[in-house]
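Just so it is clear: in the sequence shown, position 18 is 18 by UniProt numbering, and no numbers are missing. Note that CB positions come from ideal geometry on N, CA and C, so glycine has one too. In what follows, a single structure is set out as structure tokens and then discussed.
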Amino acid sequence: MCCSFSWVEQTLHSYGLPAIFGDLFFESLGVPLPGETLLLLAGTLAAKGDLALLPLWLTAFAAAVLGDNTGYLVGRRLGRPAVLRYGAKIGLTDARLSRVEHVIQRHGIWIVMAARFVAVLRQLNGVAAGTAGMHWGRFLIANAIGAALWVSVWVGAAYWFGVDAHHLRWR
């Protein structure tokens with residue numbers, strides 16, 4: 001079985017930064033989409049000169065921050081009752097949610113920043129922080145720092161490798 005990412009590259013060539021924004025916004029909001037994979041491909045395209053690096057970085061950063069903040073708003077507005085109602089189907093009990101809320105209240109800033117680098121946590125980060133009642137200002141700062149680091153790591157690694165790949169010897 002062969003896997004091809006040519007359709008992703010075609011999509012990026014056709015729709016560019018809006019496609020990147022949409023994918024990362026909805027992934028940060030909780031939809032299971034390939035954020036890191038997209039950033040790696042986009043960074044590689046930037047290295048080839050097909051995408052401009054700074055607009056790519058700014059778009060990815062804005063989408064990640066806005067998606068997470070939308071998730072935060074959803075968690076804050078719908079909160080605990082909705083999480084318990086729908087979470088019960090996957091084993092999320094009142095006691096488990098209480099533990100998650102306690103951890104976020106105690107270590108919220110660090111969890112928000114680090115969650116960006118873990119797929120499922122990245123997607124639930126904003127909703128969980130909103131449900132736990134984390135102060136929005138603290139969430140915004142931690143989320144922005146985490147998003148800046150996350151985008152920089154994935155886009156930067158792909159860009160750096162893509163620019164320098166021609167120096168590698170292939171046998």
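Range covered by the alpha helix (DSSP H) that runs through residue i
i, result
"residue 122", "119 to 132"
"residue 116", "Element bounds for residue 116: n/a, residue is neither H nor E."
"residue 48", "35 to 48"
"residue 67", "53 to 87"
"residue 146", "136 to 164"
Buried or exposed by the 16-neighbour rule on C-beta atoms within 10 Å, applied to residue i
i, result
"residue 28", "buried"
"residue 137", "exposed"
"residue 231", "Residue 231 lies beyond the residue range present for the chain, which begins at 1 and ends at 171; the question has no answer from this structure."
"residue 122", "buried"
"residue 50", "exposed"
"residue 110", "exposed"
"residue 41", "buried"
"residue 60", "buried"
"residue 54", "exposed"
"residue 58", "exposed"
"residue 116", "buried"
"residue 158", "buried"
"residue 88", "exposed"
"residue 72", "buried"
"residue 119", "exposed"
"residue 164", "exposed"
"residue 31", "exposed"
heavy atom of the ligand ADP below 7 Å from residue i C-beta
i, result
"residue 159", "The ligand ADP is not part of this structure, which contains no ligands at all."
For the stretch 26 to 41 against the stretch 91 to 111, are there 3 or more C-beta pairs whose distance is under 8 Å? no
Examine the Cβ distances between the stretch 60 to 77 and the stretch 142 to 151 and report whether three or more of them are shorter than 8 Å. yes
Flag this pair as touching only if the stretch 124 to 136 and the stretch 72 to 84 have three or more C-beta atom pairs under 8 Å; answer yes or no. yes
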